[in-house]
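Step one of this worksheet: look at the structure below.
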Amino acid sequence: MKRLLTLLLTITLSALGIWADSQIDLNRYLKSYNSQMKAGQYLPAARSVAAAAKVCADARNYDGAFKLLSNADKTLAAHDITPDSMPSVYYITEKARFNIYRSIDNKASAAKVLSRMGTHAKKSGNKNIVGDMLFNEAQYYYAIGQNAKGDLCIARLIKQFDNSTDYKTADTAYRKLISKAVSANDAALVGHTYESYMQWSDSIEAITSNTELGKVKKEFAASQETIAEKDHAIKARTGWVVTFITLFVITLAALGVGALFYWRVIAKNRRMKKSVQAANAQSAAKSAILHNMSAQMKPALDKLDQENPSVKNLRGYIERVGELSDVENSEPRDIESLENINLEEFCREIADNVRPKLKPRVVMNLDGTRGYARIDSLEVSKILTHLLDNAARFTPEGGKITLAYRKRGAKSHQFIVTDSGPGIPEEERENLFTAFSKTCDLEDGDRLGLSICALRAEKINGTLTIDPAITNGASFVLTIHS
1 MKRLLTLLLT
11 ITLSALGIWA
21 DSQIDLNRYL
31 KSYNSQMKAG
41 QYLPAARSVA
51 AAAKVCADAR
61 NYDGAFKLLS
71 NADKTLAAHD
81 ITPDSMPSVY
91 YITEKARFNI
101 YRSIDNKASA
111 AKVLSRMGTH
121 AKKSGNKNIV
131 GDMLFNEAQY
141 YYAIGQNAKG
151 DLCIARLIKQ
161 FDNSTDYKTA
171 DTAYRKLISK
181 AVSANDAALV
191 GHTYESYMQW
201 SDSIEAITSN
211 TELGKVKKEF
221 AASQETIAEK
231 DHAIKARTGW
241 VVTFITLFVI
251 TLAALGVGAL
261 FYWRVIAKNR
271 RMKKSVQAAN
281 AQSAAKSAIL
291 HNMSAQMKPA
301 LDKLDQENPS
311 VKNLRGYIER
321 VGELSDVENS
331 EPRDIESLEN
341 INLEEFCREI
351 ADNVRPKLKP
361 RVVMNLDGTR
371 GYARIDSLEV
381 SKILTHLLDN
391 AARFTPEGGK
401 ITLAYRKRGA
411 KSHQFIVTDS
421 GPGIPEEERE
431 NLFTAFSKTC
441 DLEDGDRLGL
451 SICALRAEKI
461 NGTLTIDPAI
471 TNGASFVLTI
481 HS
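Structure representation (structure tokens):
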């Protein structure tokens with residue numbers, strides 16, 4: 001009983017192994033077929049689908065095999081590939097059908113497919129395809145007992161090579177034909193082919209008799225062929241050596257150029273680092289000078305008439321210069337300074353602080369300020385307050401000011417302050433956020449506020465820009481990446 005169970009288990013495992021191997025082969029052939037068809041490689045694609053159909057047929061899945069071949073023909077037609085344009089491709093798929101019909105002993109269907117194979121082979125004009133067609137035709141006729149037709153196919157096949165100067169090729173063709181029949185396990189075809197071969201050999205024996213001269217010529221031809229092969233091999237090896245040396249030299253040159261480029265990049269980076277350090281040092285020195293100047297001028301201003309408008313303007317200017325210096329020297333704000341704020345309450349509070357400064361009938365609106373945002377509320381409040389102060393100052397009676405918020409990403413925020421004032425001339429926009437870029441009358445303002453706001457935006461990982469599309473009035477955009 002144990003032996004029987006062991007035998008059954010062994011048979012089952014073997015069957016499963018064979019099935020798994022065939023499934024792997026099928027998937028491999030289908031993957032090749034799909035990629036080849038997509039790349040327009042129709043002849044290899046036909047061979048792949050024919051191999052896949054054979055795997056199905058070997059597993060007795062004949063319907064699956066025929067469906068594969070039918071779908072392949074439809075796909076070829078969809079790519080405008082017809083039997084007239086590429087007969088060699090259709091010959092391969094028809095041959096696969098022919099082999100399946102033969103395996104299930106469907107002689108009528110095999111005969112029909114064989115006829116189509118003959119048409120495709122003739123149209124192809126390919127000597128190898130015509131020879132393969134004649135071999136399959138002979139095999140079919142011998143299988144159904146029509147030996148005369150089979151012999152005729154063999155004769156036609158050999159006639160392709162059998163001419164006055166090509167007996168060696170004909171002899172080789174006969175031997176290949178016999179070997180092919182043996183591989184196909186077709187005893188009848190082996191017998192008929194061998195018999196035809198012997199008759200053919202006898203018929204040309206007188207012409208190809210082994211005379212001494214013939215032997216010498218053959219030996220000479222063989223030696224010439226050997227010399228040619230060795231010469232070709234030497235040339236090929238020489239070519240490989242030359243190619244290797246050339247590639248080696250190119251590689252060395254590339255490495256040299258790469259090393260030179262690498263050192264140039266390092267040197268450039270060092271120069272850039274020194275330049276940045278020098279610029280930072282100059283900026284720090286400038287800030288220190290401005291801060292010292294501001295501190296030293298305050299005692300002198302305290303001695304002047306504090307009610308004098310010019311003194312007030314000068315004091316405000318000095319304070320603004322000190323503020324610019326302080327912001328410029330401050331460290332960038334870290335993530336710990338961020339807080340989750342209620343946007344509506346935050347923006348309304350800033351707007352309410354500015355409303356008393358509005359001219360008559362000026363309307364201030366909030367837009368899109370609902371929800372929450374994680375930002376540095378203190379710095380953002382200072383920037384927006386200054387922008388709204390400017391808008392209140394320059395927006396005429398009956399005008400409109402808008403404070404809007406837009407979410408630009410998971411961690412990106414925009415605050416937009418728009419007014420209907422006179423706007424900013426085009427020639428002044430380029431240096432609008434650059435401190436001391438233009439001389440000014442302190443009675444008209446110190447022109448440092450926007451520079452300070454731009455610096456504050458930079459310290460909180462943001463930018464302050466003016467929208468170039470807005471010409472009737474001005475629109476400032478504060479973008480923050482938190």
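If you count the sequence shown from 1, position 83 lands on 83 in our numbering, and the numbers rise without skipping.
Just so it is clear, CB atoms sit at the ideal spot from N, CA and C, and this is done for glycine as well.
Discussion item. According to DSSP, is residue 212 part of a helix, a strand, or is it coil?
Written reply: Here the question's residue 212 lines up with position 212 in the sequence shown. Low confidence applies to residue 212: its pLDDT is 47, below 50, so where it sits in the model is not reliable, and the reading given next is rough at best. Of the three classes helix, strand and coil, the one that applies to residue 212 here is helix, per DSSP.
Discussion item. As an exercise, report each continuous alpha helix (DSSP H) stretch of at least 4 residues that is fully enclosed by the stretch 333-381, in chain order.
Written reply: 343-354
Fill in: Contact set for residue 130: own chain, Cβ-Cβ below 8 Å, skip 5 residues either direction
Translated into positions along the sequence shown, residue 130 becomes position 130. Excluding positions up to five away in sequence, the list reads 121, 122, 124 and 160.
Fill in: Test item: CB-CB of residue 366 and residue 403 under 8 Å
Residue 366 sits at position 366 when you count from the first residue of the sequence shown. Residue 403 sits at position 403 when you count from the first residue of the sequence shown. Yes, the pair counts as a contact, with Cβ atoms nearer than the cut-off.
Worksheet item: Does the pairing of the stretch 137-156 with the stretch 176-194 give three or more beta-carbon distances under 8 Å?
Response: yes
Worksheet item: Taking contact to mean at least 3 C-beta pairs separated by less than 8 Å, is the stretch 386-401 in contact with the stretch 368-377?
Response: no
Worksheet item: What do you reckon, is the C-beta of residue 477 under 7 Å from a heavy atom of the ligand HEM?
Response: As for the ligand HEM, it is missing from this structure, which has no ligand bound.
Worksheet entry | residue 450 versus residue 429: straight-line alpha-carbon distance, rounded | Within the sequence shown, the letter at position 450 stands for residue 450. Within the sequence shown, the letter at position 429 stands for residue 429. The straight-line gap from Cα to Cα measures roughly 11 Å.
Worksheet item: Between which two residues does the alpha helix (DSSP H) harbouring residue 120 extend?
Response: Taking the sequence shown and counting its residues from 1, the one referred to as residue 120 is at position 120. Note, residue 120: alpha helix (DSSP H), 107-124.
Discussion item. Let me confirm a value: residue 472 is counted as buried when at least 16 other C-beta atoms fall within 10 Å, else exposed. Which label applies?
Written reply: Looking up residue 472 in the sequence shown gives position 472. With fewer than 16 Cβ atoms within 10 Å of its Cβ, residue 472 is classed as exposed.
Worksheet item: Does the Cβ-Cβ distance between residue 457 and residue 383 come in under 8 Å?
Response: In the sequence shown, residue 457 corresponds to position 457, counting from 1. In the sequence shown, residue 383 corresponds to position 383, counting from 1. Result yes, Cβ atoms of residue 457 and residue 383 sit closer than 8 Å.
Item to complete: Assign residue 329 to buried or exposed, taking buried as 16 or more other Cβ atoms, counted over all protein chains shown, within 10 Å of its Cβ.
Response: By 1-based counting over the sequence shown, the position of residue 329 is 329. So residue 329 counts as exposed.
Worksheet entry | residue 436 vs residue 454 beta-carbon contact at 8 Å | The residue labelled residue 436 in the question sits at position 436 within the sequence shown. The residue labelled residue 454 in the question sits at position 454 within the sequence shown. No, the Cβ-Cβ distance between residue 436 and residue 454 is not below 8 Å.
Fill in: Span separating the alpha-carbon of residue 464 from that of residue 391
Counting from one through the sequence shown, the residue named residue 464 turns up at place 464. Counting from one through the sequence shown, the residue named residue 391 turns up at place 391. Those two C-alpha atoms are separated by around 15 Å.
Worksheet entry | Residues near residue 348 by beta carbon distance below 8 Å, same chain, minus five either side | The residue you call residue 348 lines up with position 348 of the sequence shown. Cβ neighbours of residue 348 beyond the five flanking positions: 366 and 369.
Practice prompt. State the DSSP-derived secondary structure class of residue 463, mapped to helix, strand or coil.
Written response: Locating residue 463 in the sequence shown gives position 463, counting from the first residue. The answer is strand: DSSP assigns residue 463 an E or B state.
Worksheet entry | Residues sharing a beta bridge with residue 414, DSSP | For the purposes of this step, residue 414 is taken as residue 414 along the sequence shown, with counting starting at 1. Looking at the DSSP assignment, residue 414 forms a beta bridge with 406 and 479.
Practice prompt. Identify whether residue 424 lies in helix, strand or coil by the three-state DSSP scheme.
Written response: Along the sequence shown, read from residue 1 onward, the residue named residue 424 stands at position 424. Here residue 424 sits in coil by DSSP.
Fill in: Contacting residues, own chain, Cβ-Cβ under 7 Å from residue 75 (five flanking each side not counted)
Here residue 75 corresponds to residue number 75 of the sequence shown, with the count starting at 1. 37, listed in sequence order.
Fill in: Spatial distance of residue 362 from residue 269 (CA atoms)
In the sequence shown, residue 362 corresponds to position 362, counting from 1. In the sequence shown, residue 269 corresponds to position 269, counting from 1. Rounded to whole angstroms, residue 362 to residue 269 spans 54 Å at the Cα level.
Item to complete: Please name the residue or residues paired with residue 158 in a DSSP beta bridge.
Response: As a position in the sequence shown, residue 158 is number 158, starting the count at 1. DSSP, once it has assigned bridges, lists no residue as partnering residue 158.
Fill in: Given residue 530 as reference, the closest of 42, 400, 59 and 40 once Cα atoms are compared
Given a span of 1 to 482 for the chain in the structure shown, any question on residue 530 remains unanswerable.
Fill in: Boundaries (first-last residue) of the alpha helix (DSSP H) holding residue 146
If you number the sequence shown from 1, residue 146 lands on position 146. From DSSP, residue 146 is part of no alpha helix (DSSP H); its letter is neither H nor E.
Worksheet item: In whole angstroms, what is the alpha-carbon distance linking residue 336 and residue 460?
Response: As a working note, residue 336 is residue 336 in the sequence shown. As a working note, residue 460 is residue 460 in the sequence shown. Taking the straight line joining both Cα atoms gives about 11 Å.
Worksheet item: Can the beta-carbon of residue 482 be found closer than 8 Å to that of residue 386?
Response: As a first step, residue 482 is located in the sequence shown; it is residue number 482 there, counting from the start. As a first step, residue 386 is located in the sequence shown; it is residue number 386 there, counting from the start. Contact flag unset, no.
Worksheet item: On the three-pair Cβ rule with 8 Å, is the stretch 228-241 touching the stretch 190-200?
Response: no
Worksheet item: Does DSSP put residue 383 in a helix, a strand or coil?
Response: By one-based count along the sequence shown, residue 383 stands at place 383. Helix, per DSSP.
Worksheet entry | N-terminal and C-terminal residue of the alpha helix (DSSP H) that residue 65 is part of | Looking up residue 65 in the sequence shown gives position 65. Residues 62-78.
Worksheet item: Apart from the five residues on each side of it in sequence, which residues of its chain come closer than 8 Å, Cβ to Cβ, to residue 466?
Response: Walking along the sequence shown from the start, residue 466 turns up at place 466. Here the set comprises 424, 429, 432, 474, 475, 476 and 477.
Fill in: Three-way DSSP call (helix, strand, coil) for residue 452 in this model
By 1-based counting over the sequence shown, the position of residue 452 is 452. Correct three-state label for residue 452: helix.
Discussion item. Tell me the residue span of the alpha helix (DSSP H) that contains residue 47.
Written reply: As a working note, residue 47 is residue 47 in the sequence shown. 42-58 is the extent of the alpha helix (DSSP H) around residue 47.
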